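Colleague: Under mature numbering (1 follows the signal peptide of the UniProt record, and there is no 0), residues 2 to 553 are what the sequence shown spells out, in order. Note that the Cβ used here is the ideal one computed from N, Cα and C, for glycine as well. A quick note: this is a predicted structure, and the numbers were derived from the prediction, not measured. This is the structure I want to talk about, given as structure tokens.
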Amino acid sequence: GITRHYDFNIQMANVTRLCGTKSIVTVNGQFPGPELTAREGDRVHVRVTNHVAHNMSIHWHGIRQMRTGWADGPAYVTQCPIQKGQTYVYKFTITAQRGTLWWHAHISWFRSTVYGAIVILPKLGVPYPFPAPHKELTPVIFGEWWLSDTEAIVNTALKVGGAPNISDAFTINGLPGPLYNCSAKDTFKLKVEPGKTYLLRLINAALNDELFFSVANHTLTVVEVDAVYVKPFTVRTLVISPGQTTNVLLATKPAYPGANFYMFARPYSTIRPGTFDNSTVAGILEYRNPGSLSSSSFDKALPIFKPMLPYFNDTNFVTNFTTKLRSLATKQYPAAVPQAVDRRFFFTIGLGTLPCPKNMTCQGPNGTQFAAAVNNVSLVLPTTALLQSHFTGLTSGVYAANFPAMPLSPFNYTGTPPNNTHVATGTKLLALSFNTSVELVMQDTSILGIESHPLHLHGFNFFVVGQGFGNYDAVNDPAKFNLVDPVERNTVGVPAGGWVAIRFLADNPGVWFMHCHLEVHTTWGLRMAWQVQDGSKPSQKLPPPPSDMPKC
Ligand code: C2O
2 GITRHYDFNI
12 QMANVTRLCG
22 TKSIVTVNGQ
32 FPGPELTARE
42 GDRVHVRVTN
52 HVAHNMSIHW
62 HGIRQMRTGW
72 ADGPAYVTQC
82 PIQKGQTYVY
92 KFTITAQRGT
102 LWWHAHISWF
112 RSTVYGAIVI
122 LPKLGVPYPF
132 PAPHKELTPV
142 IFGEWWLSDT
152 EAIVNTALKV
162 GGAPNISDAF
172 TINGLPGPLY
182 NCSAKDTFKL
192 KVEPGKTYLL
202 RLINAALNDE
212 LFFSVANHTL
222 TVVEVDAVYV
232 KPFTVRTLVI
242 SPGQTTNVLL
252 ATKPAYPGAN
262 FYMFARPYST
272 IRPGTFDNST
282 VAGILEYRNP
292 GSLSSSSFDK
302 ALPIFKPMLP
312 YFNDTNFVTN
322 FTTKLRSLAT
332 KQYPAAVPQA
342 VDRRFFFTIG
352 LGTLPCPKNM
362 TCQGPNGTQF
372 AAAVNNVSLV
382 LPTTALLQSH
392 FTGLTSGVYA
402 ANFPAMPLSP
412 FNYTGTPPNN
422 THVATGTKLL
432 ALSFNTSVEL
442 VMQDTSILGI
452 ESHPLHLHGF
462 NFFVVGQGFG
472 NYDAVNDPAK
482 FNLVDPVERN
492 TVGVPAGGWV
502 AIRFLADNPG
512 VWFMHCHLEV
522 HTTWGLRMAW
532 QVQDGSKPSQ
542 KLPPPPSDMP
552 KC
């Protein structure tokens, strides 16, 4: 591989959406930010310079970061933030991954505007395991637009302890599209020719919503998720959770030269509309008239077709979709599912409450503050970086490696009233020795509302070996686990009122964050971290931090 160099300048830019202009944090003044392109095996150096008044850090979501934990990016986990006027060069190698990933700010809620695509092409000369597409289209990144400032949104979620603000629009590549006020001119368009197959990369960068996505009159063949190939399957609508990426093949019709088709994305939620933004972002798939090759042949006044999306709370549809996802599990792309397990963990994933801090008005039940936790622990980040103290061994006063392997409060999904709302704050890590084979069952407790939680693990891919609804049954459910071709990914939806089981091999020394990718839940504390110890060989140890590592 070669080394790819990128310069990311964090700077403010004025952006006009939904009839108003606001100043947002961007990379290089672009919104969404620049695309990062590399091949499997390449080294990537991104020189990030912060020119804004906010502390910043960037996470390369889904990049394995084998022994380069210092470049992972979550603020106060693997690094201190990059302060105004400072530069930090993120250096990492792309190992055995190909497909689509993405990068985003990993501090406060700045990922609301600071994000972009990572396109990883296969090694030179290595074909895709599916028929070669005619062309690769511009990645489609779903996001949200907020009329208020990022800080104001976070304050609502954290300081007031209330329900989160609802975003003002969903976007495709930053554009809300014609179904929102003042936005017809801000519509994402994909230009295609009839009778061809295109590779379309989809990224869900939205802060708080799982999305349905469909293109009118077209089918989508899913070929890859989270930069891992899957057994191809064809759908009219797909589901994508915050943090997830999906590559599809889009076959255009031979018979519709010069027609336009809407693509729609809208949330999936089992809670009632009104508590989330149930609006639709629309983009347009535009067919080029085959008679002419000039771009003026895109006719603006053509008939337009609309897709049908499932009902907002169609959980059956979502389950059906996610259970279709399977690893290729071929000789060339094997599924390295850990067959034996060294350590088993059971985590409850859920919402709860904490006493309302002094001088605050809280909007939780009985005047409490909303909180969220893993095994009843709501993680408080330190004022230094966890990885730094792990590396130096000076952990006292920063964290303790005493994260509970089981929930602290008993859990019973069918019990009434719910008995797992107890939340305690703490900075606890779960220590694993090098190369531990882990099985983790995550059970949603669905206390204050029924929602799925897209759980994201940094530093690893995991295999989704099982999922189900109701209480996880430790006696009978494991017999149904798929240990042959489960999907391999970095973010999985823990179903509302259900559970998922994942397996991974702890072969990457460092401190690795795991959290719900719904930003409001991360803020409320639905986050924890694994501390993976060094192995005995030099090649199994985390190297020292780079010299330009930011200081707290
Ligand atoms: Cu995409 Cu820790 O995040």
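(1) If we count the other Cβ atoms within 10 Å of its Cβ and call it buried at 16 or more, is residue 331 buried or exposed?
(2) Measuring alpha carbon to alpha carbon, tell me which of 20, 11, 278 ends up nearest residue 33.
(3) At a cut-off of 7 Å, is residue 514 close to ligand 1 when judged by its beta-carbon and the heavy atoms of the ligand?
(4) Where does residue 477 land, buried or exposed, given buried means 16+ other C-beta within 10 angstroms?
(5) Measuring alpha carbon to alpha carbon, tell me which of 524, 515, 526 ends up nearest residue 62.
(6) Assign residue 5 to one of three DSSP states: helix, strand, or coil.
(7) Looking at ligand 1, does it come within less than 7 Å of residue 75, judged from the CB to the closest heavy atom?
(8) Residue 46: beta carbon under 7 Å from a heavy atom of ligand 1?
(9) At what residue ranges does the stretch 44-115 contain a whole run of the beta strand (DSSP E), taking only runs of 3 or more?
(10) So who's on the other strand from residue 209, going by DSSP bridges?
(11) How big is the Cα-Cα spacing for residue 383 and residue 541?
(12) What do you reckon, are the CB atoms on residue 85 and residue 53 nearer than 8 Å?
(13) Is DSSP giving residue 458 helix, strand or coil here?
(14) Would you check if the distance between the CB atom of residue 231 and the CB atom of residue 327 is smaller than 8 Å?
(15) DSSP on residue 467, reduced to helix/strand/coil?
(16) Hey, would you say the C-beta of residue 526 is under 7 Å away from at least one heavy atom of ligand 1?
(17) Please state the DSSP three-state secondary structure of residue 423.
(18) Since I believe residue 244 is in contact with residue 492 (beta carbons under 8 Å), could you give me their beta-carbon distance rounded to a whole number of angstroms?
(19) Quick check: what's the CA-CA separation for residue 361 versus residue 381?
(20) With burial defined as no fewer than 16 other Cβ atoms inside 10 Å of the residue's Cβ, what is the status of residue 367: buried or exposed?
(21) Check the C-beta distance from residue 468 over to residue 501 and give it rounded, since I have them as a contact under 8 Å.
(22) Going residue by residue through the stretch 365-412, where are the continuous alpha helix (DSSP H) segments of at least 4 residues, counting only ones entirely within it?
(23) With a threshold of 7 Å on Cβ separation, who are the neighbours of residue 207 within its own chain once the five nearest residues in sequence on each side are excluded?
(24) Could you give the uninterrupted runs of the alpha helix (DSSP H) lying entirely in the stretch 123-165, keeping only those of 4 residues or more?
(25) Taking residue 405 as the reference, which of 490, 35, 262, 424 has the closest Cα?
(26) Is the closest heavy atom of ligand 1 to the C-beta of residue 511 under 7 Å?
(27) Any heavy atom of ligand 1 closer than 7 Å to the beta-carbon of residue 244?
(28) With H, G and I counted as helix, E and B as strand and the rest as coil, what does DSSP make of residue 295?
(29) Name the two residues that bound the continuous beta strand (DSSP E) containing residue 516.
(30) Helix, strand or coil, according to DSSP, for residue 505 in the structure here?
(31) Output needed for residue 201: all residues of its chain with C-beta closer than 6 Å, excluding positions within five of it in sequence on either side, in chain order.
(32) Please report the straight-line C-alpha distance between residue 338 and residue 92, rounded to a whole angstrom.
(33) Taking 7 Å as the line, does the beta carbon of residue 571 fall inside it for any heavy atom of ligand 1?
(34) Quick check on the DSSP output: what are the complete beta strand (DSSP E) runs of length 3 or more inside the stretch 214-248, in order along the chain?
(35) For residue 474, which option in 135, 499, 453 has the closest C-alpha, if you only look at C-alpha atoms?
(36) Can you tell me whether residue 351 is buried or exposed, with buried defined as 16 or more other CB within 10 angstroms of its CB?
Modeller: In short, the structure shows the following:
(1) For this step, residue 331 is matched to residue 330 along the sequence shown. Looking at its Cβ environment, which holds fewer than 16 other Cβ atoms inside 10 Å, residue 331 is exposed.
(2) Here residue 33 refers to the residue found at position 32 when the sequence shown is read from its first residue. Out of 20, 11, 278, 11 has the C-alpha closest to the C-alpha of residue 33.
(3) Residue numbering aside, residue 514 sits at position 513 when the sequence shown is read from its first letter. True, at least one ligand heavy atom lies under 7 Å from that Cβ.
(4) If you number the sequence shown from 1, residue 477 lands on position 476. It is exposed - the Cβ of residue 477 has fewer than 16 other Cβ atoms within 10 Å.
(5) Position 61 of the sequence shown, counting from 1, holds the residue named residue 62. That would be 515, whose Cα lies nearest to the Cα of residue 62.
(6) Within the sequence shown, the letter at position 4 stands for residue 5. Strand at residue 5.
(7) By one-based count along the sequence shown, residue 75 stands at place 74. Yes, ligand 1 has a heavy atom inside 7 Å of this Cβ.
(8) Looking up residue 46 in the sequence shown gives position 45. Flag unset: Cβ of residue 46 not near ligand 1.
(9) 44-51, 59-62, 88-94, 100-106
(10) Taking the first residue of the sequence shown as 1, we reach residue 209 at position 208. For residue 209, which the question treats as bridged, DSSP gives no partner whatsoever.
(11) Position 382 of the sequence shown, counted from the first residue, corresponds to residue 383. Position 540 of the sequence shown, counted from the first residue, corresponds to residue 541. Distance between the alpha carbons of residue 383 and residue 541: 27 Å.
(12) Along the sequence shown, one-based indexing puts residue 85 at 84. Along the sequence shown, one-based indexing puts residue 53 at 52. The answer is yes: Cβ separation under 8 Å.
(13) As a first step, residue 458 must be located in the sequence shown, where it is residue number 457. Residue 458 falls in the strand class under three-state DSSP.
(14) Reading the sequence shown from its first residue, position 230 is the one you call residue 231. Reading the sequence shown from its first residue, position 326 is the one you call residue 327. It is a contact, given that the beta carbons lie within the stated cut-off.
(15) Counted from its first residue, the sequence shown places residue 467 at position 466. Correct three-state label for residue 467: strand.
(16) Position 525 of the sequence shown, counted from the first residue, corresponds to residue 526. No, Cβ of residue 526 sits at least 7 Å from all heavy atoms of ligand 1.
(17) Taking the first residue of the sequence shown as 1, we reach residue 423 at position 422. In this structure, residue 423 counts as strand in the three-state DSSP scheme.
(18) In the sequence shown, residue 492 corresponds to position 491, counting from 1. In the sequence shown, residue 244 corresponds to position 243, counting from 1. Rounded, the Cβ-Cβ distance is 4 Å, consistent with contact.
(19) Here residue 361 refers to the residue found at position 360 of the sequence shown. Here residue 381 refers to the residue found at position 380 of the sequence shown. Each residue's Cα considered, the two are about 19 Å apart.
(20) Taking the first residue of the sequence shown as 1, we reach residue 367 at position 366. So residue 367 ends up on the exposed side.
(21) One-based indexing of the sequence shown puts residue 468 at position 467. One-based indexing of the sequence shown puts residue 501 at position 500. Going by Cβ atoms, the distance from residue 468 to residue 501 rounds to 4 Å, so yes, they are a contact pair.
(22) 387-393
(23) On the sequence shown, position 206 is the one that residue 207 refers to. Around residue 207: 143, 144, 145, 171, 243.
(24) 151-158
(25) For the purposes of this step, residue 405 is taken as residue 404 along the sequence shown, with counting starting at 1. The residue with the shortest Cα to Cα distance from residue 405 is 424.
(26) Here residue 511 refers to the residue found at position 510 when the sequence shown is read from its first residue. No - ligand 1 has no heavy atom lying nearer than 7 Å to the Cβ of residue 511.
(27) As a working note, residue 244 is residue 243 in the sequence shown. Flag set: Cβ of residue 244 near ligand 1.
(28) For this step, residue 295 is matched to residue 294 along the sequence shown. Here residue 295 scores only 44 on pLDDT, less than 50, and its place in the model should not be relied on; the value that follows carries that caveat. Residue 295: coil per DSSP, three-state reduction.
(29) For the purposes of this step, residue 516 is taken as the residue at position 515 of the sequence shown. Residue 516 -> beta strand (DSSP E) spans 511-517.
(30) Locating residue 505 in the sequence shown gives position 504, where the first residue counts as 1. In this structure, residue 505 counts as strand in the three-state DSSP scheme.
(31) Taking the sequence shown and counting its residues from 1, one reaches residue 201 at position 200. Closer than 6 Å at the Cβ level, and outside the excluded window around residue 201, lie 138, 249, 251.
(32) Translated into the one-based positions of the sequence shown, residue 338 becomes position 337. Translated into the one-based positions of the sequence shown, residue 92 becomes position 91. Residue 338 and residue 92: Cα-Cα distance of roughly 28 Å.
(33) One cannot answer for residue 571 here, as it falls past the ends of the chain, which runs 2 to 553.
(34) 221-226, 229-236, 238-241
(35) Your numbering for residue 474 matches position 473 in the sequence shown. Looking at the Cα atoms, 499 is the closest of the given residues.
(36) Translated into the one-based positions of the sequence shown, residue 351 becomes position 350. Answer is buried; the Cβ neighbour count reaches 16.
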